[in-house]
Structures are given as structure tokens and as C-alpha cells.
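J.: The structure's right below; bear with me while I get my questions together.
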Amino acid sequence: MDQNKNLDVIIPLFRPDKKFDKLLIQLLKQTIKPKNIWLLNTEVLPDYATETIKKRVDELVSRTKVAGSETVNIHLIPIEQSEFDHGGTRAYGASLSNSEYMIFMTQDAIPNNEHLLENLIEPFKMEEVAVTYGRQEAAQNATLVEKYTRIFNYPSTDQIKSKEDLSRLGIKTYFCSNVCAAYRKSVYEDLGGFVARTIFNEDMIYAAGIIKAGYKVYYASKATVTHSHHYSWIQQLRRNFDLGVSQEEYQSIFKNISSEKEGTKLVKQTIDYLIDQREYIELIDFILESGFKYLGYLLGKQHRLLPQPFKVWLSMNKSYWK
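full-length UniProt numbering puts the first residue of the sequence shown at 1, with every later residue one more than the last.
The following block contains the structure:
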């Protein structure tokens, strides 16, 4: 099998910064080259119009002299901001691909080496594996909390998850992140793909479907990207509001499997870690941040009781409510 011609990379764009430039260059340097890179650009005029981004991409490609990179087709597809949806936009990207494997990434996930795509698709040698996802490592300038959270969610050993793990892992069985994930296209189409409309969590919603269908999710710890954030308390409130909304709207998946237990475990372990490190200022910040996150999550779970203007204010994905 000529793997160079059997995978596509799909990346939604919204005001991409220099991290995207590094991501694109690293993709062109991969040991296994994608056939296509689909860039779904949310139009924000004028600096981030699709034509402007295209010129930027062309300049990056011309400066990146890597053997085989000329075989990679890069497509820029404009999307209206009002039309963006976490599930629907990625489903549209998937419809553009005719490759055997689809790799979804976010614009701020930077491959740590040239083996990312190779390591992501390696587990597909097992026919029961339908989805793989990579390891996220925090940037060097990230906070201690962000670094510890990445270690908690993305350990250094591989893991394969199936329906037999639900009683042991709970919601972690469905855990998968489109920050860096690969999908077997044939299974994706058989199961109907991403949900067409969701405020958040399209990756876990799909992973739950493949688990229930008898397939497996593979965590590929050697497929590494640098990806971390420094959210304010209000941003954490909004992000977790969207998380709560997604779980409430897909109760058939999340109703009988709590995510709060896993969240509590992370909070307790992070507090112990910060105390051990004697980082008391960051500990206070983390406790307050956790309160904002939990409040946002609870409000999201009860969003049907809230007035529309308040939901728009609370949400990170404001276009979802229009």
C-alpha cells in the first residue's frame, strides 16, 4: 500500500497565528506525506480572508524545501463564520476526502517530529481500530497546571479502548481529541460520520458511536504534538459551558456515564501536585479556576432553563445559538 496516497489532513482555521505556520511546515516534513491538506478557513475580513491565507500558505510552501512535499495538494476552502459548527464543519471536511485515512488537527497543534502521521496510522494495522488520537504535550511556557493536565490526560504509554472498558474507565473510554486524531474512512462512512450539529465534543460523540458498534479507539502516545492554552477564568467558564451543553444535548451517550468523577480525580491530583511543588499562588489560582469550570459545566447542563442572551454570553461558540 502506498500510504503517501492514502491519507488526508483536515484542519479548520480561524484567525490562524504563527503556530499554524509551524504546523504546516511540519506536515510537509512528515515521513508519510498526505495526499491532500484541506484547510477550512472561517472567513474573517480582511486579514484572514481566504485569499490572504492562500498567499501566506504559498509563501510557506515555497520556503519549505523538502523532498516529496511537492506531491502534497493544499486546498483552501472558505466557510462563513455563521456556518461554522464543531461537528458540521469537520463533517464537510471529511466529505471532501476520498483517502483511506483522515487526520483531523487544530491549527495550533504543532507536530513534535516528522513521524506524527506515521505513528497515528500505524495502529490501523489492527482491523478493529477505527480511531486513533495522539499525545498532547504542553508548551515550555505553559503553566504548571496546564503541564500536569496534559500528563494526566495524555500518558506516556499506548492504550486501546473498547466497550469492555466502560465499567473500568467510564467516560475516558470515549475520550478522543480532534486536536490530533485519525479516522478510518470506511468505518466513518458506515457509521454516519460526525454529528452535523454540535457546540462541542464531536470527537467524543463519534468515538462513543464506534465503541458501541464494536470497534476500538487507540491512543498512540508516540504521535506527539505541542498543544496547550492559557485560558482565563471566564474562558474556562465558557469552554465548560459548551461542554455541559454538548453532554445535555446528547444524553443518549452521556446520561449514564458521568464525567464529574474524572474531573474530581484531576482536581485532587493537581492540588496534591501543586502542594508538593510548593506552588501556593498557582494552587489558589487553580482552585478558583476549577470553580469557574464547574460552574460553567453545571450551567451548560441546565442551559434549557437559561435565557437566550445569557447563553450567547456564556458560550465560546456564539454562532451556535443564532
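The beta-carbon is built from N, C-alpha and C at its ideal position, and this holds for glycine as well.
1) Would H86 and E202 be called neighbours here (beta carbons separated by less than 8 Å)?
2) Does T42 come out as helix, strand or coil in the three-state DSSP assignment?
3) What are the boundary residues of the alpha helix (DSSP H) that S167 is part of?
4) Buried or exposed: where does V44 fall if 16 or more other Cβ atoms within 10 Å of its Cβ makes it buried?
5) Please return the same chain residues whose Cβ sits closer than 7 Å to the Cβ of L243, not counting the five positions on each side in sequence.
6) Determine, using beta carbons only, whether L144 and Y92 come nearer to each other than 8 Å.
7) Please return the same chain residues whose Cβ sits closer than 6 Å to the Cβ of S99, not counting the five positions on each side in sequence.
8) Is the Cβ-Cβ distance between T71 and K33 less than 8 Å?
9) A208: which of K163, H227 and L237 sits nearest, CA to CA?
10) Tell me the DSSP secondary structure of E279 in three-state form.
11) Name the two residues that bound the continuous alpha helix (DSSP H) containing I239.
12) Starting from D8 and walking both ways along the beta strand (DSSP E), at which residues does that stretch end?
13) Where M105 and T226 are concerned, what is the direct C-alpha to C-alpha distance, given to the nearest angstrom?
14) Reducing DSSP to helix, strand and coil, say where N36 ends up.
15) CA-CA distance, G134 and P46?
16) Give the DSSP-derived three-state secondary structure of G263 in the structure shown.
17) Which ranges would you report for the alpha helix (DSSP H) in the region 142-166 if only whole runs of at least 4 residues count?
18) Can you tell which of A196, K222, E282 and I74 has its C-alpha closest to the C-alpha of G88?
19) Measuring only the C-alpha atoms, how far is I253 from T173?
20) Exposed or buried, what is Q236 when buried is set at 16 or more other beta-carbons lying within 10 Å of its beta-carbon?
21) May I ask you to report which of helix, strand or coil DSSP gives V217?
22) Buried or exposed for Q3, going by 16 or more other Cβ atoms inside 10 Å?
T.: Walking through what the data contain:
1) yes
2) strand
3) L166 to L169
4) exposed
5) F200, N201, Y297 and G300
6) no
7) N6, L7, D8 and K35
8) yes
9) K163
10) coil
11) Here residue 239 is Arg; the residue named in the question, Ile, does not match the sequence. Taken as a continuous stretch (DSSP letters only), the alpha helix (DSSP H) holding R239 covers W233 to E249.
12) L7 to L13
13) 12 Å
14) strand
15) 34 Å
16) helix
17) 144-153
18) A196
19) 12 Å
20) buried
21) strand
22) Note that Q3 has pLDDT 46, beneath the 50 cutoff, so the model's placement of it is unreliable and the number below is only indicative. Q3 is buried by the Cβ-count criterion.
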